[in-house]
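Participant: This is the structure I want to talk about, given as structure tokens.
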Amino acid sequence: MERIVSRPPSLQLGPVEGRGIGWNGMVCLVAAEAALFAYLLFSYYYLGAVNPPGWLLEPHPKLGPATFNTIILLASSGCAWWGEKGVKEDRRTNALVGLGTAFVLGTIFAAIQVAEWKAKTFGIGTSSYGALYFVTTGFHMTHVIVGLMILLALFGWVASGMFSSLRMIPVSNGIVYWHFVDAVWLFVFATYYISPYLGFGR
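Under my numbering, the first residue of the sequence shown carries the number 475, and numbering increases by one thereafter.
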């Protein structure tokens, strides 16, 4: 007796087109983390509004390092997008260049941030302003480090040929997280470096 076996031309490995349970989980994670940053930034604006003049320890913060870091993070976000696009189009070289460059730029950002912390004339225990500054930027730095670990893992997995245009949800999730880290920095930058020049907290 003959046995008839049906074999599909190709086996689908999970959801395709960057959507699925993992994607929904990442969206929920980003929303929860965004709420935490919103609370921290709200605390800054609330305390700055109710405290007398002098609460703001840096009425004229140095914009040079922070502005350079902002440009670096925006560039890294573009590189990460390029890396994701490379995976989507099955162009491994483009993907590796994009992910690798994003990782290098993120590392430079972290190094500059640490140098800026060391240059501050106040500490986390100096006042409520000092506590908010270091907690907010430190919390962001934690996310940067996690994002760098994700980029490094994605780089290794893409190099080993684990992902393709049909299997790339982890890549999309990782890039979304990195975009989130970059977007949060824009709010931190506007709050701690731009708002004092606009007269807030003086």
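Here a beta-carbon is modelled for each residue, glycine too, at the ideal position from N, C-alpha and C.
1. Could you give the DSSP three-state label for residue 551: helix, strand or coil?
2. Quick one, which of 640, 673 and 533 has its alpha-carbon nearest residue 564's?
3. Using the Cα positions of residue 646 and residue 546, report the straight-line distance between them to the nearest angstrom.
4. If you count every other CB in all the chains shown that lies within 10 Å of the CB of residue 541, and 16 or more means buried, which is it?
5. Along the alpha helix (DSSP H) that carries residue 604, what are the first and last residues, could you check?
6. Starting from the C-beta of residue 548, find all residues in its chain whose C-beta is less than 7 angstroms away, skip the five residues before and the five after it, and write them out in chain order.
7. Decide if residue 662 is buried, meaning its Cβ has at least 16 other Cβ atoms within 10 Å, or exposed.
8. Measuring alpha carbon to alpha carbon, tell me which of 534, 593 and 625 ends up nearest residue 572.
9. Using 8 angstroms as the threshold, is the segment 493-507 in touch with the segment 572-581, meaning 3 or more CB pairs across them?
10. Could you tell me which residues DSSP puts in a beta bridge with residue 638?
11. Using CA atoms only, rank isn't needed, just tell me which of 591, 604 and 668 is closest to residue 615.
12. What are the boundary residues of the alpha helix (DSSP H) that residue 575 is part of?
13. Just the Cα atoms here: how many angstroms apart are residue 551 and residue 653?
14. Determine the direct distance from the alpha carbon of residue 516 to that of residue 668, and round the result to whole angstroms.
15. Measuring straight from C-alpha to C-alpha, what distance separates residue 534 and residue 598?
16. Output needed for residue 604: all residues of its chain with C-beta closer than 7 angstroms, excluding positions within five of it in sequence on either side, in chain order.
17. Would you mind working out which of 632, 578, 658 and 569 sits nearest residue 611, comparing C-alpha positions?
18. What's the gap between the Cα of residue 536 and the Cα of residue 581?
Facilitator: Well, looking at it:
1. Three-state DSSP puts residue 551 in a helix.
2. Looking at the Cα atoms, 640 is the closest of the given residues.
3. 21 angstroms
4. exposed
5. Where residue 604 is concerned, the enclosing alpha helix (DSSP H) stretches over 602-633.
6. Within the same chain, residue 548 has close Cβ partners 656.
7. buried
8. 625
9. no
10. Beta-bridge partners of residue 638 (DSSP): 641.
11. 591
12. Counted as a single uninterrupted DSSP element, the alpha helix (DSSP H) harbouring residue 575 occupies residues 566-593.
13. 6 angstroms
14. 15 angstroms
15. Cα to Cα, residue 534 sits roughly 19 angstroms from residue 598.
16. 531, 596, 597 and 598
17. 658
18. 21 angstroms
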